[in-house]
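Asker: Numbering (UniProt numbering) for the sequence shown: 1 to 662. Structure below; questions to follow.
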Amino acid sequence: ETQPLTSKKDVSDCNEGEDCKENGLRVRNPKSALRLMEDGNRVHPSQEDKGEAAQISNGYSGVQSSVPCNGMGEAEDAPCTAPAATTTTTTTTSTTCGAEGQQQLMELEDRETWSKKIDFLLSVIGYAVDLGNVWRFPYICYQNGGGAFLIPYTIMAIFGGIPLFYMELALGQYHRSGCISIWRKICPIFKGIGFAICIIDLYVASYYNTIMAWAFYYLISSFTSELPWTSCTNAWNTGNCTNYFSKDNISWAPHSISPAEEFYTRQVLQVHRSNGLDDLGGISWQLTLCLLLIFTIVYFSIWKGVKTSGKVVWVTATFPYVILFILLVRGATLPGAWRGVLYYLKPDWQKLLATEVWVDAAAQIFFSLGPGFGVLLAYASYNKFHNNCYQDALVTSTVNCLTSFVSGFVIFTVLGYMAEMRNEDVSEVAKDTGPSLLFITYAEAIANMPASTFFAIIFFLMLLTLGLDSTFAGLEGVITGVLDEFPHVWSKRRELFVLGLTIVCFLGSLATLTFGGAYVVKLFEEYATGPAVLTVVFLEAVAVAWFYGITQFCSDVKEMLGFAPGWYWRLCWVAISPIFLLFVTCSFLSNPPELRLFDYNYPYWTTVVGYCIGTSSVICIPIYMVYRLIVTPGTLKERILKSITPETATEIPFGDIRMNAV
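Here it is, written out as structure tokens:
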């Protein structure tokens, strides 16, 4: 059921709907096969051609059916199979019969592509540049030696982060599949990785969007002539509230609490109404409404696919850079800004001898670039086949790292200003970490600038846009993975599936909307994603480099780009990157973080709960391996060999039609 590419038979000799024969080989409807693609990089048959195009294989079958058929699963007198013709190419087109053929018909549905290359780049940049770039990198940088930290950070980026980033983009673009179904084409026994990724993404969506709900609450509260976190005369303030920015000569004492901190803890989060994780309290209806609106925006941004989300990121991915520039200029003109910059960049070379500095550098670059969440696989799968993903990997990872570095100046110029106003050292002002750095320290500084309302509005808008495109990406990783794995169920019902997914994520976020929800967010942030994602990407790197084969993977890349990856990339993929991941994972597991938030020390049992949450996603990998070996027929050796051998071929473009790599 294949036609040699070297065949000189003119397709015009075949009538519509008839079989053409050449050298004993047969192809069904060659005209529609040649019409199948106007662009060699995608499959987009017209509505009237879908029935015809369905008879051209989509690359999911590498075995010919031994059942006599006419290409449509209907019996005929003569069998379709014929001796394979000798050609100089390794690409063929094939069809199968019966149920397998029907499955292929469904898998050959239109796969959309990005409208423009810039849509893809902005989407990847928007995914990689998130809230962590603004609060996590500056804090980790000054905590681990200031300017000296840039050395381990750069080394870890070159040998760990960027190679993994490039690997995922190349895998997604070549195989054009989501995080679940792609393993059929790489190493089927590792398919559990795809399910683990989907669970991790759901965990992230359950707490990450709550942080955006906090920012949205701040944004709404900013539309006043006087920001509510500038005074101590509000209903939520306590006797310890100290406004040292007031015109009165007020000194800052050890027990003093800023109005910004009380607004954050007592009005937005209302943590004083919770006793901890064992007594979360009721649900904040204000935050619930904020989160509901955020999920509504998310749904209508991604429900139609990358065609719509690719347009939304033109705003959500570029707007933060405009605001960062404005805030950087404003911060540089504040009194005492130089103190913050000096504290940020002053190198402490002794720190480089500490192991934890290198662990922090590896963890920061890994979580900043974001491999392992299925997003890069999903986004790259909508690229054209010959898109230069190598160049994309270098550009987007460089932009991401530079954004983190510049964000440090935006934050620390303001911290220097705060230290000047309090007459304290920068280290005392900069002790807040994570979201507190943004919602307390930075919010307080903005509130006491000229034109504070304007700067507050644009700052919290920036936080919203930083978070939104990361949420788009995380959910798209799940959507693409599920739709590609179950096309017969969801391929025509994307809008319904996305609606169900957003509802599940919203319901899963309810625990983070309680009065003690901030404690839940901290627990999920530390345990639900960290070690789980590290384990997933470690196994992914091992599966690609050692089971699929580094030679085969580099051959795939050469087929797309026209050149093969050099020895540096091969060495990173085979050895350095897996060692890098193993190093970070073992360091985390050997020294689990001691969690503390505000005045609440997490009890010991929360560590056990945290590890259980993290394990609940990774456990999918060994469970699927056992399931795979059980259902595969044959001896144990045969089962293992079948389970590590790719099941299906991958389409590659050749001229005007897509063909199978065999």
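All C-beta atoms, glycine included, are put in the ideal place defined by N, C-alpha and C.
Alpha carbon to alpha carbon, how far is L415 from residue 678? Give it in angstroms, no decimals.
Answerer: Limits of the chain in this structure are 1 at one end and 662 at the other, which puts residue 678 out of reach.
Asker: On the DSSP bridge list, what partners appear for G276?
Answerer: D279
Asker: Which residue or residues does DSSP assign as beta-bridge partners of Y602?
Answerer: For Y602, which the question treats as bridged, DSSP gives no partner whatsoever.
Asker: Whole-angstrom Cβ separation of Y208 and T585, contact assumed at under 8 Å?
Answerer: 22 Å between Cβ atoms; not a contact.
Asker: Quick check on T607: does DSSP put it in helix, strand or coil?
Answerer: helix
Asker: Label V489 either buried or exposed according to how many other C-beta atoms from any shown protein chain fall within 10 Å of its C-beta, with 16 as the threshold for buried.
Answerer: exposed
Asker: Given a threshold of 16 other Cβ atoms within 10 Å of its Cβ, counted over all protein chains shown, does Q270 qualify as buried or as exposed?
Answerer: Q270 counts as buried, since at least 16 other C-beta atoms from the protein chains shown sit within 10 angstroms of its C-beta.
Asker: So, with DSSP's three-state summary, where would you put S179?
Answerer: Here residue 179 is Cys; the residue named in the question, Ser, does not match the sequence. Three-state result, C179: coil.
Asker: Sorted by chain position, which residues of the same chain lie with C-beta nearer than 8 Å to H255's C-beta, five sequence neighbours on each side aside?
Answerer: Excluding positions up to five away in sequence, the list reads N240.
Asker: Quick check: what's the CA-CA separation for V631 versus G192?
Answerer: 15 Å
Asker: Could you tell me which residues DSSP puts in a beta bridge with residue 677?
Answerer: Because the chain in this structure spans residues 1 to 662, residue 677 falls outside the shown range and cannot be described.
Asker: Can you give me the C-alpha to C-alpha distance between W183 and F165, rounded to a whole angstrom?
Answerer: 18 Å
Asker: Across the segment 112-127 and the segment 308-322, are there enough close Cβ pairs to call them in contact, namely three or more that are closer than 8 Å?
Answerer: The segment 112-127 makes contact with the segment 308-322, as at least three CB pairs between them are under 8 Å.
Asker: Got a sec? Which residues, its chain only, sit under 7 Å from P592 by beta carbon, not counting five neighbours each side?
Answerer: Counting only Cβ-Cβ distances below 7 Å, and skipping sequence neighbours, we find T607.
Asker: With respect to the alpha helix (DSSP H) encompassing C187, which residues constitute its N-terminal and C-terminal limits?
Answerer: Taken as a continuous stretch (DSSP letters only), C187 belongs to no alpha helix (DSSP H), as it is neither H nor E.
Asker: Which residue wins for smallest C-alpha separation from L287, given the options C620, I220, F486, G161?
Answerer: I220
Asker: For the segment 151-159 and the segment 349-369, state whether three or more C-beta atom pairs, one from each stretch, are separated by less than 8 Å.
Answerer: Segment contact: the segment 151-159 against the segment 349-369, three or more CB-CB distances shorter than 8 Å; contact assigned.
Asker: If you check the beta carbons only, do Y382 and V322 fall under 7 Å apart?
Answerer: no
Asker: Taking DSSP's pairing of strands, which residues face T514 in a bridge?
Answerer: I283
Asker: Quick check on the DSSP output: what are the complete beta strand (DSSP E) runs of length 3 or more inside the segment 465-534, in order along the chain?
Answerer: none
Asker: Leaving out five residues before and five after N234 in sequence, what residues of the same chain have Cβ atoms less than 7 Å from its Cβ?
Answerer: Scanning its chain for C-beta atoms nearer than 7 Å, with the 5 sequence neighbours on each side dropped, one finds around N234 the residues P228, in chain order.
Asker: Which word fits T413, buried or exposed, when buried means at least 16 other C-beta atoms lie within 10 angstroms of its C-beta?
Answerer: Under a 10 Å Cβ-count criterion, T413 is classified as buried, with 16 or more other Cβ atoms of the shown protein chains found around its own Cβ.
Asker: Does DSSP classify L597 as helix, strand or coil?
Answerer: The answer is strand: DSSP assigns L597 an E or B state.
Asker: Can you tell me whether C232 is helix, strand or coil according to DSSP?
Answerer: coil
Asker: Do E540 and P188 come within 7 Å of each other at the CB atom, strictly closer than that value?
Answerer: Taking 7 Å as the Cβ cut-off, P188 and E540 do not qualify as a contacting pair.
Asker: Which runs of the alpha helix (DSSP H) spanning at least 4 residues fall entirely within the segment 619-654, listed in chain order?
Answerer: Counting only runs of 4 or more, we get 620-631, 636-643.
Asker: Between the segment 348-356 and the segment 140-148, do at least 3 Cβ pairs fall closer than 8 Å?
Answerer: Yes, the segment 348-356 is in contact with the segment 140-148.
Asker: Could you please give the first and the last residue of the uninterrupted alpha helix (DSSP H) stretch that includes E112?
Answerer: Taken as a continuous stretch (DSSP letters only), E112 belongs to no alpha helix (DSSP H), as it is neither H nor E.
Asker: Taking 7 Å as the cut-off, decide whether the C-beta atoms of V426 and G340 are in contact.
Answerer: yes
Asker: Using a threshold of 7 Å, state whether the C-beta atoms of V129 and N400 are closer than that.
Answerer: yes
Asker: Should the segment 542-561 be called in touch with the segment 486-504, which here means at least 3 C-beta pairs below 8 Å?
Answerer: no
Asker: Is the CB-CB distance between L641 and Y519 below 7 Å?
Answerer: For L641 and Y519, no; Cβs fall outside 7 Å.
Asker: To the nearest angstrom, how far is the alpha carbon of G610 from that of D599?
Answerer: 20 Å
Asker: Using DSSP with H/G/I as helix, E/B as strand and the rest coil, what is Y382?
Answerer: coil
Asker: For G372, which of R639, P565, P578, L464 has the nearest alpha-carbon?
Answerer: P578
Asker: Please work out which residues of its chain come closer than 6 Å, Cβ to Cβ, to S225, disregarding the five sequence neighbours upstream and downstream, and give them in chain order.
Answerer: none
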